[in-house]
Amino acid sequence: PALLQACSRGFWPKTAAPAAPRVAVLDGRVRVAYLSYDFREHAISQLCVELFERHDRAAFEFFPISTGPDDGSAMRRRVAGAFEHFIDAQAMSDTDIVKLIRDAEIDILVTIDGHTIGMRAGVLWQRPAPITAHYLGFPGTLGTPTIDYYIADSICIPSNAGRFFDEAIVRLPGSYQPSDSQRPRPTEGLAREDLGLDRDAFVLCAFHGALKLSKDAVETYLEILRRAAGSVLWMLADDVVRRNLVAFAEAKGIDPSRLVFASVAGREEYFRRLATADLFLDAWPYGAHTTAGEALWVGLPVLTILGLQFSFLLAGAI
């Protein structure tokens, strides 16, 4: 955790942070701005869309600021429809966004990106709102004094890890990760024979993006295969990743036929694939986030390990 904090701190300018902005004067609804690159068909929106829809509009006024592309998806339309204001700021400069936030007299600015692709660091460095918080997108400290709070829970940031965060920690009860109750929940999986799976095999599933597959994690997966007779490992992989994993398995003395590979699928089929497996294997040092939540959603158990720090510095790894 100390190393990751140092890495995050090293990202920011070496000059002194800007002074604190104006003090909020609450003369009506509290004005909250969400700043995100991912208001589209993306894991962040998939997790947060119903949270947005359930916000208390009597007490709060929301200003989502979208800095990413409009992909024309149903998710983009649903997110935009969850708010009374929706600001497409993709073409705006950091300076323009800072002015927008200040002119709108935003009381609380929430960045959902963190150290992931599309983060507007120049906006966050300028302290455009009286209170700034970080939530969900990057489960680790941003390493800057211009972020006041990190919204978490007691698992992703244990009590003894708070000292490695530059933000004050706000721990939500239960889990900090929201969920969309309107997403598909399959009543049954797919036919294993159609997926290249043995009907009688014990199917270990590791549907992580390849950038999460550390050498240690893959070695552990293969050792589980070695010890669990009749098991197969089901993974997402393109041609390059597939060749590397097959070669690695052969070098470890594991029959590569026990590795089953899947390509990317649409969400409905993806959820039915998850429901077809028997056990989801987590990765490390950067564990599953949205993917683990999706596995649990369809009733697939997840095997993980509890470490000292949720996140490793991999941009866009959610």
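Note that the numbering used here has the sequence shown beginning at 174, numbered continuously upward.
Ideal Cβ positions, reconstructed from N, Cα and C, are used throughout, including at glycine.
Excluding the 5 residues flanking G464 on each side, which residues of the same chain have their C-beta closer than 7 Å to its C-beta?
Within the sequence shown, numbered from 1, the residue matching residue 464 stands at position 291. Before going on, a small fix: residue 464 reads as Thr here, not Gly. F380 and H381, listed in sequence order.
Cβ of D280 within 8 Å of Cβ of I260?
The residue you call residue 280 lines up with position 107 of the sequence shown. The residue you call residue 260 lines up with position 87 of the sequence shown. Contact: no.
How would you label G472, buried or exposed, when you count the other beta carbons within 10 angstroms and need 16 or more for buried?
Reading the sequence shown from its first residue, position 299 is the one you call residue 472. Exposed, since its Cβ has fewer than 16 Cβ neighbours within 10 Å.
For E396, which three-state DSSP category applies?
Position 223 of the sequence shown holds residue 396. Three-state result, E396: helix.
Alpha carbons only, please: which of S332, A435, E441 and R416 is nearest the one belonging to L406?
Along the sequence shown, read from residue 1 onward, the residue named residue 406 stands at position 233. Taking the Cα of L406 as reference, the smallest distance to any Cα among S332, A435, E441 and R416 is reached at A435.
Return helix, strand or coil for D267, following the three-state DSSP convention.
If you number the sequence shown from 1, residue 267 lands on position 94. Helix.
Less than 8 Å between the CB atoms is what I'm expecting for G310 and D326, so what's the real figure, rounded?
Taking the sequence shown and counting its residues from 1, the one referred to as residue 310 is at position 137. Taking the sequence shown and counting its residues from 1, the one referred to as residue 326 is at position 153. Not really, about 15 Å apart at Cβ, beyond 8 Å.
Do A420 and L432 have their CB atoms nearer than 8 Å?
For this step, residue 420 is matched to residue 247 along the sequence shown. For this step, residue 432 is matched to residue 259 along the sequence shown. No.
Consult DSSP for C180 and reduce its assignment to one of helix, strand or coil.
Indexing the sequence shown from 1 puts residue 180 at position 7. C180 falls in the helix class under three-state DSSP.
Given F233, which residues of its chain have a CB within under 7 Å of its CB, disregarding the five upstream and five downstream residues?
Here residue 233 is taken as the residue at index 60 of the sequence shown, counted from 1. Only R202, V203 and V205 meet the Cβ criterion.
Distance between R440 and F225 (C-alpha atoms, nearest Å)
Within the sequence shown, numbered from 1, the residue matching residue 225 stands at position 52. Within the sequence shown, numbered from 1, the residue matching residue 440 stands at position 267. If you take the alpha carbons of F225 and R440, they lie about 21 Å apart.
So what does DSSP say about M248, is it helix, strand or coil?
Position 75 of the sequence shown, counted from the first residue, corresponds to residue 248. Three-state DSSP puts M248 in a helix.
Alpha carbon to alpha carbon, how far is S387 from G241?
Sequence index remark: in the sequence shown, residue 387 carries index 214 (1-based). Sequence index remark: in the sequence shown, residue 241 carries index 68 (1-based). Spanning the two alpha carbons is a distance of roughly 29 Å.
Through-space distance from V296 to V271, alpha-carbon basis
On the sequence shown, residue 271 is found 98 positions in, with the first residue counted as 1. On the sequence shown, residue 296 is found 123 positions in, with the first residue counted as 1. Distance between the alpha carbons of V271 and V296 is about 6 Å.
Looking only at its chain, what residues have a beta carbon closer than 6 Å to the beta carbon of D509, apart from the 5 residues adjacent to it on each side?
Nothing about residue 509 can be reported from this structure: the residues present for the chain run from 174 to 491 only.
Note down, in chain order, each residue of its chain lying with its Cβ closer than 6 Å to the Cβ of Y210, except the 5 sequence neighbours on either side.
Taking the sequence shown and counting its residues from 1, the one referred to as residue 210 is at position 37. The beta carbon of Y210 lies closer than 6 Å to those of T240, G241, D286 and G291 in the same chain, with the five residues before and after it left out.
Measuring alpha carbon to alpha carbon, tell me which of E366, R250 and F453 ends up nearest V222.
The residue labelled residue 222 in the question sits at position 49 within the sequence shown. Nearest C-alpha to V222: R250.
Please report the straight-line C-alpha distance between C180 and L481, rounded to a whole angstrom.
In the sequence shown, counting from the first residue as 1, residue 180 sits at position 7. In the sequence shown, counting from the first residue as 1, residue 481 sits at position 308. Going from the Cα of C180 to the Cα of L481 covers about 16 Å.
Leaving out five residues before and five after R415 in sequence, what residues of the same chain have Cβ atoms less than 7 Å from its Cβ?
Working through the sequence shown from its first residue, we reach residue 415 at position 242. F434.
What does the Cβ neighbour count give for I491, buried or exposed, with the cut at 16 atoms within 10 Å?
Here residue 491 refers to the residue found at position 318 of the sequence shown. Note that I491 scores a pLDDT of 35, beneath 50, so its modelled location is shaky; the value from the coordinates is reported in the next line. With 16 or more other Cβ atoms within 10 Å, it is buried.
Hey, out of L479, V198, A262 and A448, whose CA is closest to P357's CA?
Mapped onto the sequence shown, residue 357 falls at position 184. Of the listed residues, the one whose Cα sits closest to P357 is A448.
So who's on the other strand from I427, going by DSSP bridges?
By one-based count along the sequence shown, residue 427 stands at place 254. In the DSSP output, where bridge partners are listed per residue, I427 has none listed.
Are there 16 or more other CB atoms within 10 angstroms of the CB of F184, so buried, or fewer, so exposed?
Working through the sequence shown from its first residue, we reach residue 184 at position 11. F184 comes out exposed.
Determine the DSSP secondary structure at T477, reduced to helix, strand or coil.
Here residue 477 refers to the residue found at position 304 of the sequence shown. Shown here, T477 sits in coil according to DSSP, grouped into three states, outside any helix or strand.
Run through DSSP, which three-state label would W298 get?
Numbered from 1 along the sequence shown, position 125 holds the residue referred to as residue 298. If DSSP states are grouped into helix, strand and coil, W298 belongs with the helices.
Can you give me the start and stop residues for the beta strand (DSSP E) that C378 sits inside?
For the purposes of this step, residue 378 is identified with residue 205 of the sequence shown, where counting begins at 1. For C378, the enclosing beta strand (DSSP E) has its first and last residue at F375 to A379.
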